[in-house]
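Asks:
2 protein chains.
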Amino acid sequence: MGILERKEREKEQRRDDIICAAQKIFFEKGLPSATMDEIAEAAELSKGTLYLYYKSKEDLYLAVAMRGSEIMYQMFVDATPPEKPTLRRITDLGDAYYEFFKQHRDFFRMYQYFENPHFHKQVSPEMFASCKCNDQRTWGVVIGLIQQGINEKLLDADLDPSQAAIILWSIGNSMMRQMDRDDNYWKEQLKVDLESTMRKAYQLVLEGMMTEKGKAQYQQLMLLQE
Amino acid sequence: MGILERKEREKEQRRDDIICAAQKIFFEKGLPSATMDEIAEAAELSKGTLYLYYKSKEDLYLAVAMRGSEIMYQMFVDATPPEKPTLRRITDLGDAYYEFFKQHRDFFRMYQYFENPHFHKQVSPEMFASCKCNDQRTWGVVIGLIQQGINEKLLDADLDPSQAAIILWSIGNSMMRQMDRDDNYWKEQLKVDLESTMRKAYQLVLEGMMTEKGKAQYQQLMLLQE
DNA sequence: ATATTAAATGACTAACAGTCAGTAAATGCA
DNA sequence: TGCATTTACTGACTGTTAGTCATTTAATAT
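Residue numbers (the working numbering), protein chains in the order written: chain A, 41 to 266; chain B, 41 to 266.
(1) Of all the options B:G108, B:Y101 and B:R129, which has the alpha carbon lying nearest to the alpha carbon of E192 of chain B?
(2) Mind listing the chain A neighbours of E155 of chain B? Cutoff is C-beta to C-beta under 8 Å, in chain order.
(3) Which residues in chain B sit within 7 Å of G70 of chain A, going by Cβ to Cβ distance?
(4) Quick one: which chain B residues come within Cβ less than 9 Å of I211 of chain A?
(5) Quick one: residues in its chain with C-beta nearer than 7 Å to the C-beta of M112 of chain B, no 5 flanking neighbours on either side, listed in chain order?
(6) From the DSSP output, which residues share a beta bridge with M250 of chain B?
(7) Would the stretch 57-67 of chain B and the stretch 81-94 of chain B be scored as touching if the rule is three or more Cβ pairs under 8 Å?
(8) Run down chain A in chain order and give the residues with a C-beta less than 9 Å from the C-beta of L195 of chain B.
(9) Give me the Cβ distance between Q176 of chain A and Q162 of chain B, rounded to the nearest whole Å; I'm assuming they're in contact under 8 Å.
(10) Could you check whether L261 of chain B and Q127 of chain B sit closer than 9 Å to each other, using their CB atoms as the reference points?
(11) Between which two residues does the alpha helix (DSSP H) carrying L85 of chain A extend?
(12) Could you check how far apart the C-beta atoms of Q218 of chain A and W226 of chain A are, in whole angstroms? I think they sit under 8 Å.
(13) List the whole-angstrom C-beta distance separating P157 of chain B from R149 of chain A, where the pair is believed to meet the contact cut-off of C-beta under 8 Å.
(14) Here's the rule: buried if 16 or more other CB atoms are within 10 angstroms of the residue's CB, otherwise exposed. What is G88 of chain B?
(15) From P165 of chain A to A105 of chain B, what distance separates their C-alpha atoms?
(16) Give a yes or no on whether 9 Å exceeds the smallest Cβ distance from Q187 of chain A to chain B.
(17) Residues of the stretch 118-129 of chain B in Cβ contact with chain A at a cutoff of 9 Å, in chain order, please.
(18) If you run the structure through DSSP and keep just helix, strand and coil, what is E45 of chain B?
(19) Please report how far the alpha carbon of P201 of chain B lies from the alpha carbon of G184 of chain B, in whole angstroms.
(20) Which residues in chain A sit within 9 Å of V232 of chain B, going by Cβ to Cβ distance?
(21) For the alpha helix (DSSP H) that E98 of chain A lies in, which residues bound it at each end?
(22) In the stretch 70-103 of chain A, which residues sit with their C-beta less than 9 Å from some C-beta in chain B, listed in chain order?
(23) Taking buried to mean at least 16 other C-beta atoms within 10 Å of its own C-beta, is S73 of chain A buried or exposed?
(24) Name the chain A residues whose beta carbon is nearer than 7 Å to that of T237 of chain B?
(25) Quick one: residues in its chain with C-beta nearer than 6 Å to the C-beta of D146 of chain A, no 5 flanking neighbours on either side, listed in chain order?
(26) Based on Cα-Cα distance, which residue from A:Q187, A:D118 and A:A103 lies nearest to M167 of chain A?
(27) Can you grab the Cα-Cα spacing for the pair E78 of chain A / D99 of chain A, in whole Å?
(28) Between which residues of its own chain and M216 of chain B is the CB-CB distance below 6 Å, once the five residues before and five after are set aside?
(29) Step through the CB atoms of chain B and report whether any lies within less than 9 Å of the CB of M41 of chain A.
(30) Return the CA-CA distance between K253 of chain A and L194 of chain A, expressed in angstroms with no decimal places.
(31) Is DSSP giving A74 of chain B helix, strand or coil here?
(32) Does the distance from the CB of V245 of chain A to the CB of G248 of chain B come in under 9 Å?
(33) Just the Cα atoms here: how many angstroms apart are D196 of chain A and I190 of chain B?
(34) Does K172 of chain A come within less than 9 Å of chain B when only Cβ atoms are used?
(35) Measure the C-alpha to C-alpha separation of V182 of chain A and F154 of chain A and round it to an integer number of angstroms.
(36) Going straight from the alpha carbon of H160 of chain B to that of D135 of chain B, what length do you get?
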């Protein structure tokens, strides 16, 4: 009685076909300009079918965005194998975030809508919960790493790992958002290169969070990288 | 021959009526859910008239947002009179940004669309240029203040003022964006209070940028504030 | 009083998200 | 095999919205 299972597989396949088509169109046009008709055509399905699998345009949008989260999570994990020294893992995590931005800028751009309170209201509670769960896992990696740094007395003992994680993430996120918006704007108007600004910011914050032992190791690490 | 001038004034008045109505509706609904018909009704004008004064919904949206920029600029200037000590002016500038967020959250929220590359393309070049000009002026305040700090040997001499300004602004911006998105999400999921996280971040970065002289003054300032 | 110009209107078009009655295909059963 | 039932899919249709433009209304000039 493998029929039910085959059907299940086929259904999953359809969901995937739809997401692939949606990804293509959302990447090209962005949320407001992409149309469900276009997506349906790209998926070689009728529009009605799209709504059998996803409740709304916004839900479908989030489903695509979550693929990006998956990729990001994998990149985070891959960039920080436990055999590396902890401080190295922390700096490499920052680099991995930047790599994600460069390699998957379209995904990165998608998240912006998720940060908009008005967009939130358009999304089904189920999809929202699913995102939250995904998010949680990624935060776990970052926070765990900082906790490790504290345990090894590389980072200040009175540091709150969650707080530190949010601070580091905020810097990268905000900077990359501006790079995406218009890198040239900043170059021309303020004569500033955003990539080096971001590195400077990371460095300032990290050093501020470190113990003396941490700082010493960090200096060595930086020298090695030249 | 005051007729032309009166007409000019009346035209300005209409532009203002429209912005006021648009502000009300955009605040309530956000960009995608607000409709031009609603705005027209609130302005007691027909929709066609709206388009005599603004090229598109997006242009009108930006016109409203620029009012917020004006308020923010004024708050920045008011919070940093030259008679205050420079370090105090710098910390007060950060506080002023946070005050703006708390008092005019609806305006703050509006800027999000401006950070979206796809939204950019919907806006007329004239309106875009107007925004840029407005922006420039505000950056001038922040960068000037940091330059002053460097001149007074409170901040590191090798610091690039534009870079430093972007770093400080990024932190505030990113944190407040998250507070706006859903303050409780962070409290519940990560047990973190975003306001204190933001203060911690500002402190880390500022101290990282300071000379020894600056740090000494900063400590005193902090003690005074308790 | 009349002509000319400027301002404002709202019915109209095209495009879109989302729906749903109907069709086609697959499966279960005799 | 043929028929009944369930499941998957369709695309024409509805309601809504941004933006347009021929027409009307009001103000000014002669």
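All C-beta atoms in this analysis are idealised placements derived from N, C-alpha and C, irrespective of residue type, glycine included.
Replies: Taking the geometry as given:
(1) B:R129
(2) Q152, R217, Q218 and R221
(3) Correct list: H158.
(4) I207, S210, I211, S214, A241 and V245
(5) F140 and T178
(6) B:L195
(7) When Cβ pairs closer than 8 Å are counted between the two stretches, the stretch 57-67 of chain B is seen to touch the stretch 81-94 of chain B, the count reaching three or more.
(8) Within 9 Å Cβ-Cβ: nothing; L195 of chain B doesn't reach chain A, min ~12 Å.
(9) So it is not a contact: roughly 34 Å between Cβ atoms.
(10) The question names Gln, yet the displayed sequence has Leu at residue 127 of chain B. Their beta carbons are under 9 Å apart, which means L127 of chain B touches L261 of chain B by this criterion.
(11) Taken as a continuous stretch (DSSP letters only), L85 of chain A belongs to no alpha helix (DSSP H), as it is neither H nor E.
(12) 6 Å
(13) 7 Å
(14) exposed
(15) 30 Å
(16) no
(17) none
(18) In this structure, E45 of chain B counts as helix in the three-state DSSP scheme.
(19) 8 Å
(20) Those are D200, S202, Q203, A205 and I206, listed as they occur along chain A.
(21) For E98 of chain A, the uninterrupted alpha helix (DSSP H) segment begins and ends at K97 to A119.
(22) Of all residues in the stretch 70-103 of chain A, those with a C-beta nearer than 9 Å to a C-beta of chain B are G70, L71, P72 and S73, reading in chain order.
(23) exposed
(24) Q203, I206 and I207
(25) Closer than 6 Å at the Cβ level, and outside the excluded window around D146 of chain A, lie F67.
(26) A:A103
(27) If you draw a straight line from the Cα of E78 of chain A to the Cα of D99 of chain A, it comes to about 16 Å.
(28) F141
(29) The predicted position of M41 of chain A is uncertain, since its pLDDT is 49 and thus under 50; a value taken from the coordinates is nonetheless stated next. It does not; no Cβ of chain B falls within 9 Å.
(30) So the two alpha carbons sit approximately 6 Å from each other.
(31) coil
(32) Between V245 of chain A and G248 of chain B, the C-beta spacing is below 9 Å.
(33) 28 Å
(34) yes
(35) Those two C-alpha atoms are separated by around 20 Å.
(36) 29 Å
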